[in-house]
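Residue numbers for the sequence shown follow this note's numbering, so the first one is 2 and each next one is one higher.
Some notes on the structure that comes next.
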Amino acid sequence: MKFLWTTIYVQNLDESIAFYANLVGLRVMNRFPAGPGMEIAFMGNGITNETLVELLADSNKSAVNYNEFISLGFAVDSVDAMLETVKSHNIPVHAGPFETPGGERFFFIKDPNGLNVQFFQQA
């Protein structure tokens, strides 16, 4: 069995696409209407068989809510460099940076919809 994607309900599809494109480096792999008042965009790196991020905008929903214990994690070469990138986009750090006993480093921010996004550097 293969994990295909994670669906994120979003308030503003264009704003969310810009966030994941400009900050995370993902690109739109497919974007299409999905019914009355709904639009979907799949984002990824263009790697065959990769797991995608599915952004779903539904104008019939008044709000999106995310539990504090759910996050998307992205690997980075350098937490310090990513902190600078986040700062240059005027995005506040939600938590961290932290370092594990094994030397891994990570921190969290919030996406435009309030979902935790983690940037993780291997030891």
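Glycine included, each C-beta is placed from N, C-alpha and C at the ideal position.
Item                                                                                      : Value
Meets three-Cβ-pair contact criterion under 8 Å: the segment 88-105 and the segment 36-47 : no
According to DSSP, residues forming a beta bridge with I48                                : Note: I48 sits in no beta bridge, so no partner.
Three-state secondary structure (DSSP) of V54                                             : strand
Top-ranked residue by Cα proximity to A124, from E100, D112 and P113                      : E100
Reduced DSSP secondary structure (H/G/I, E/B, other) of K111                              : strand
DSSP beta-bridge partners of Y10                                                          : L57
Closest Cα partner of G115 within the set M83, M30, S17 and W6                            : S17
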